[in-house]
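Numbering-wise (the UniProt record's numbering), the sequence shown opens with residue 1 and increments by one. Working notes, beginning with the structure itself.
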Amino acid sequence: MASCSPLLLLVLCTLTVAEAQLKLYNLRARRLNSGILGTPDAYVEVFSGSATLGETSVRHNNENPWWEEEFTDFDTKENDMMKLEVYDQDIGFDDLIGVCQRQIKLGTHEHECFLKKGGTLRYTYTLG
1 MASCSPLLLL VLCTLTVAEA QLKLYNLRAR RLNSGILGTP DAYVEVFSGS
51 ATLGETSVRH NNENPWWEEE FTDFDTKEND MMKLEVYDQD IGFDDLIGVC
101 QRQIKLGTHE HECFLKKGGT LRYTYTLG
């Protein structure tokens, strides 16, 4: 019986650091502020750990946008950092509205974060 304990411990430790599938979805923002130039043309860039997962489409002239895109990463580990950057698309360069950053946990979670230039971003993710 004592010889099984180290093997069981090794298996459990391996499961804890094993890679899992991350799915990010249901992105929506409220009361985005684009400054004095009117309503924002918002989009979101998505990162998991050191990987860039992509960006959403641009929602033109909408301070309460939502995005249908889903993002998936198969190399995510529990406790990796997920970062969502919300931008206002402009001529020349895009303005950063705010950043949401969170340590990823197993399971399904819904979060809301407050953006530096005003407004909120809500999203749901599953790691499993």
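By construction, the Cβ of each residue, glycine as well, lies at the ideal position given by its N, Cα and C atoms. No experiment lies behind these values; they were computed from the predicted model shown.
*Considering only C-alpha positions, which residue in the set GLN89, ARG31 and LEU115 is nearest to CYS100?*
Of the listed residues, the one whose Cα sits closest to CYS100 is LEU115.
In angstroms, rounded to a whole number, what distance separates the CA positions of GLU63 and ALA51?
Approximately 28 Å between the Cα atoms of the pair.
Same chain only: Cβ atoms within 7 Å of ASP94, ignoring 5 sequence neighbours per side: Contacts found: TYR87 and ASP88.
Exposed unless 16 or more other CB atoms sit within 10 angstroms - verdict on LEU22: Note on LEU22: 16 or more other CB atoms within 10 angstroms of its CB, so buried under the neighbour-count rule.
With respect to the beta strand (DSSP E) encompassing THR124, which residues constitute its N-terminal and C-terminal limits? Residues 120 to 127.
Query raised in the report: By DSSP, does ASN33 sit in helix, in strand, or in coil?
Result: Coil.
Cβ pair MET81, GLY49 closer than 8 Å: Against a cut-off of 8 Å, the Cβ pair of GLY49 and MET81 comes out as a contact.
### Query
Hey, out of HIS60, VAL44 and LYS77, whose CA is closest to VAL71's CA?
Note that residue 71 corresponds to Phe in the displayed sequence, not to Val. Checking every option, the nearest Cα to that of PHE71 belongs to VAL44.
Sequence-distant residues of its chain with Cβ nearer than 6 Å to ARG59 (five each side left out)
Here the set comprises ALA42 and PRO65.
Given a threshold of 16 other Cβ atoms within 10 Å of its Cβ, counted over all protein chains shown, does THR108 qualify as buried or as exposed? The residue is exposed, with fewer than 16 neighbouring Cβ atoms inside 10 Å.
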